[in-house]
Each structure stands twice: as C-alpha cells, then as structure tokens.
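Going by full-length UniProt numbering, the first residue of the sequence shown is number 1, and it counts up by one from there. Where a beta carbon is used, it is the ideal one built from N, C-alpha and C, also for glycine. Since the structure comes first, as structure tokens, the remarks are kept for the end.
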Amino acid sequence: MSQPNYTGVYHWISQDNFEAYLAALDINVALRKVVCMLRPSKHIEHDVNSGHMKIKTSTTFKNFDMDFTLGQEFTEDLGPVDGRKCQTTVDWDGDKLVCVQKGEKEGRGWTHWLEGNLLHLELRVNNVVAKQAGPAEAEPTAETAPAGGVECAAGPAEAGPTSTEPTNTGPDNSSVCHDLRNVLLHSPGSLQTLQGSWTDSLLICSSLKPPGFS
1 MSQPNYTGVY HWISQDNFEA YLAALDINVA LRKVVCMLRP SKHIEHDVNS GHMKIKTSTT
61 FKNFDMDFTL GQEFTEDLGP VDGRKCQTTV DWDGDKLVCV QKGEKEGRGW THWLEGNLLH
121 LELRVNNVVA KQAGPAEAEP TAETAPAGGV ECAAGPAEAG PTSTEPTNTG PDNSSVCHDL
181 RNVLLHSPGS LQTLQGSWTD SLLICSSLKP PGFS
C-alpha cells in the first residue's frame, strides 16, 4: 500500500470530547474553556522521499511546532500544550500516521488519517479519546489567481468543486477574549492558575481581569 502525502493546510471545523482530553492532561478549567473555543489551522510539510515532516498547529493565541522524521524517536517539548516532555515516535500504520508519546501520562499519542480532502485527528491519553477534523485549503487556480500568479487577497477556496464544507476562520481574539472574561467573572481565581506557557498570550485581551484581581 502506498502512503499518502499529507502536505497541505487544514482548518479544523469539528471536534468531539476535546475538553475531556484536556482535563486528562491536567489543564485547568479556565484554559480548557478557551482552548475549546479555538479552531486551529494545521500546516503540514511532508517529504515523502525522506519521511521528514513539519507540522505547525496555529491558533489566535499560540502556535505549536513539530519537526521529525518518521520512524525515529525524538524528544518532544509539549510546553505550549501542557508543560511536559515526551519521547515521541511517529510512524506509518497502513496509510495512517500514528504517534506514540512516552512520558508522564499513560497511553498518550495521536493518529492522523485522510479521507479525501478531510484530515482527521484522534487524540489519546489515559483512555480518553478526542477527535478533530477539517478540510484542506484548495490551491489557487487560474480562475482565482490574479495575473502574475499572486494569490488572491480573499484567500483560497475550500478544496473540492462540489464541497459543502463550511468555511472556518476560527473566532477572532475579541470574541474569544469576551468569552474568556465571562469564564473569569464566574471564577475570579482561575486567571492565577493559568499555565505559564499560555499566560502571556492570554493577556493580550484587555478585559481579562475580573473585579478584585490585581
């Protein structure tokens, strides 16, 4: 069986049981609420000849990068996620990419697979399973690209000529900050417990501080 090329930009449009997955990683409730409101984009560079991959997960608050070669164990710094480090290996299982993350948490890892232009992700830790999925961006075509080959300012369309997948750009900072402020108003101490790797990013919101917080 030939393995697919995962190169592309994908935008998550659905997720299931993600907050339970974050709780299993000991992420506090305030941060879980914020993370579950985000809709990340995943940028993948996949060299099918060497097996080298770069995966960048981008949100309005924080980015997370992976750089590895399939089948080779490496030390993965998950500081932007939950502050831990793992000995990680990503390898093929048929046409799926399976990641094993050995560390403090049992059964941690993930699986990626493609169905047409839809990228699926299954996340696992401590017998908790979460799922996410999102379509790939289409490459600019002669009809959408202006003269000179520069990408249209409006951005590429969703992949597939008959796709009905909703376009997803994720919430902007202002809407996420508004929702986060509501969380903090009901839990004034929660800002003090936000994990350090996220604190600087969250403080871009001008309305973060609940009454009485200094």
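| Item | Value |
| --- | --- |
| Residue 20 (DSSP reduced to helix, strand or coil) | helix |
| Classification of residue 4 by the beta-carbon crowding that lies within 10 angstroms, buried from 16 upward | exposed |
| Coil, strand or helix - residue 81 by DSSP | coil |
| Assigned secondary structure, residue 30 (DSSP; H/G/I helix, E/B strand, else coil) | helix |
| Inter-residue spacing [alpha-carbon to alpha-carbon] between residue 23 and residue 122 | 16 Å |
| Among 129, 30, 134, the one whose alpha carbon lies nearest that of residue 106 | 129 |
| Of the listed residues 6, 28, 50, 18, nearest to residue 37 (C-alpha basis) | 18 |
| Buried versus exposed call for residue 6 [16 or more other C-beta atoms within 10 Å across all chains shown] | buried |
| Own chain partners of residue 43 with C-beta closer than 6 Å, once the 5 adjacent residues on each side are dropped | 9, 56 |
| Nearest candidate by alpha-carbon position, reference residue 84, set 90, 75, 92 | 75 |
| Cutoff 7 Å; reference residue 104; Cβ partners in own chain excluding five residues on either side | 84 |
| With 16 other Cβ atoms within 10 Å as the buried cut-off, status of residue 92 | exposed |
| Residue closest to residue 28, alpha-carbon to alpha-carbon, out of 48, 67, 81 | 81 |
| Between the CA atoms of residue 40 and residue 199 - distance to the nearest angstrom | The pLDDT assigned to residue 199 is 41, lower than 50, so where the model puts this residue is not dependable, and the model offers no usable value. |
| Nearest candidate by alpha-carbon position, reference residue 110, set 95, 94, 117, 131 | 131 |
| Whole-Å CB distance - residue 119 paired with residue 138, under 8 Å assumed | The Cβ separation is near 14 Å, so there is no contact. |
| DSSP-derived helix/strand/coil call for residue 193 | Reliability of the predicted coordinates at residue 193 is poor, the pLDDT of 43 falling under 50, and the value obtained from them is presented with this limitation in mind. Residue state, collapsed to three classes: helix. |
| Local conformation of residue 48 per DSSP, three classes | coil |
| Cβ-based burial, residue 153 [other Cβ within 10 Å; buried from 16] | The predicted model places residue 153 with a pLDDT of 34, which falls under 50 and marks its position as unreliable; any figure quoted below should be read in that light. Burial call: exposed. |
| Buried versus exposed, by CB contacts within 10 Å (16 or more), residue 72 | exposed |
| Selected residue, minimal CA-CA separation from residue 126, among 20, 15, 13 | 20 |
| Contact check, residue 34 vs residue 64, beta carbons under 9 Å | no |
| Best match in 134, 100, 15 for proximity to residue 68 [C-alpha to C-alpha] | 100 |
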